[in-house]
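>
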Amino acid sequence: DNSRKSTSVTKTLELTCTGTEVTTGQGALSLLQSTFSVAQGKQISIPVQIRNPTSNPLTYTIEFVSTGNWADTVSQQETVNAGQDKTAYLYPSVKTVTPGSYTGSVNLKQGSNILSTSTVSVTVQQPSTGTGATG
Numbered sequence: 012d013n014s015r016k017s018t019s020v021t022k023t024l025e026l027t028c029t030g031t032e033v034t035t036g037q038g039a040l041s042l043l044q045s046t047f048s049v050a051q052g053k054q055i056s057i058p059v060q061i062r063n064p065t066s067n068p069l070t071y072t073i074e075f076v077s078t079g080n081w082a083d084t085v086s087q088q089e090t091v092n093a094g095q096d097k098t099a100y101l102y103p104s105v106k107t108v109t110p111g112s113y114t115g116s117v118n119l120k121q122g123s124n125i126l127s128t129s130t131v132s133v134t135v136q137q138p139s140t141g142t143g144a145t146g
């Protein structure tokens, strides 16, 4: 019949699912301060607010990664109760680099999944030198 004849069959499929609901990738990050000025060799204190919108406590990893290796990469784990916000601090150390403007990222992660990212701007200054005169 040169492919002019076709047949269709309709069937009903019933699907039943049981088990535990798993939700991943829930959480939000905001920076309480995103611009900094610091001398070479000093630490920055980056305040981070983490929000857990779920109905269960969750453990997150917050990390700072510099763009261009001008500061140390640091990370830490934080547990946030259900429906709560938590403020935590990251303390990366600035390396001896040419004074100028640099950037980095603060990431909120669950396992290896990045949930949220914010950018930090840092002005690196030369270390101040004192007059050497003391009382």
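Under our numbering, the first residue of the sequence shown is numbered 12, with each subsequent residue one higher. Glycine included, each C-beta is placed from N, C-alpha and C at the ideal position.
1) Would tyrosine 113 and proline 58 qualify as a contact pair, given that the criterion is a beta-carbon distance under 8 Å?
2) Tell me which same chain residues have a C-beta within less than 6 Å of the C-beta of arginine 62, skipping the five on either side of it?
3) Quick one: give me the first and last residue of the beta strand (DSSP E) that valine 59 is part of.
4) Considering Cα atoms alone, identify which of Lys120, Lys53, Val91, Thr72 is closest to proline 110.
5) Apart from the five residues on each side of it in sequence, which residues of its chain come closer than 8 Å, Cβ to Cβ, to valine 108?
6) Let's test the definition: count the other Cβ atoms within 10 Å of the Cβ of tyrosine 102 and tell me whether it reaches 16, buried, or not, exposed.
7) For threonine 35 and threonine 84, what's the separation of their Cα atoms in angstroms?
8) Going by beta-carbon coordinates alone, are tyrosine 71 and glutamine 121 separated by less than 8 Å?
9) Determine the closest residue to valine 133 out of Ser139, Lys106, Ser127, Leu119, with distance taken between C-alpha atoms.
10) If we count the other Cβ atoms within 10 Å of its Cβ and call it buried at 16 or more, is valine 20 buried or exposed?
This is what the structure gives:
1) Position 102 of the sequence shown, counting from 1, holds the residue named residue 113. Position 47 of the sequence shown, counting from 1, holds the residue named residue 58. Proline 58 is positioned such that its CB atom lies no closer than 8 Å to that of tyrosine 113.
2) Position 51 of the sequence shown, counting from 1, holds the residue named residue 62. Excluding residues up to 5 positions away in sequence, Ala39, Asp96 lie with their Cβ nearer than 6 Å to the Cβ of arginine 62 in the same chain.
3) By one-based count along the sequence shown, residue 59 stands at place 48. First-last of the beta strand (DSSP E) with valine 59: 57-62.
4) In the sequence shown, residue 110 corresponds to position 99, counting from 1. Cα-wise, what sits closest to proline 110 is Lys53.
5) Indexing the sequence shown from 1 puts residue 108 at position 97. Answer for valine 108: Gln51, Trp81, Val135, listed in chain order.
6) Taking the sequence shown and counting its residues from 1, the one referred to as residue 102 is at position 91. Under this definition tyrosine 102 is an exposed residue.
7) Here residue 35 refers to the residue found at position 24 when the sequence shown is read from its first residue. Here residue 84 refers to the residue found at position 73 when the sequence shown is read from its first residue. Residue placement at threonine 35 is flagged as unreliable, the pLDDT there being 47, under the threshold of 50; the coordinate-derived value follows with that caveat. Answer to the nearest angstrom: the Cα atoms are 25 Å apart.
8) Indexing the sequence shown from 1 puts residue 71 at position 60. Indexing the sequence shown from 1 puts residue 121 at position 110. Closer than 8 Å, so yes.
9) For the purposes of this step, residue 133 is taken as the residue at position 122 of the sequence shown. Comparing Cα-Cα distances from valine 133 to each of Ser139, Lys106, Ser127, Leu119, the minimum goes to Lys106.
10) The residue given as residue 20 occupies position 9 in the sequence shown. Classification of valine 20: exposed, given that the 10 Å Cβ count is below 16.
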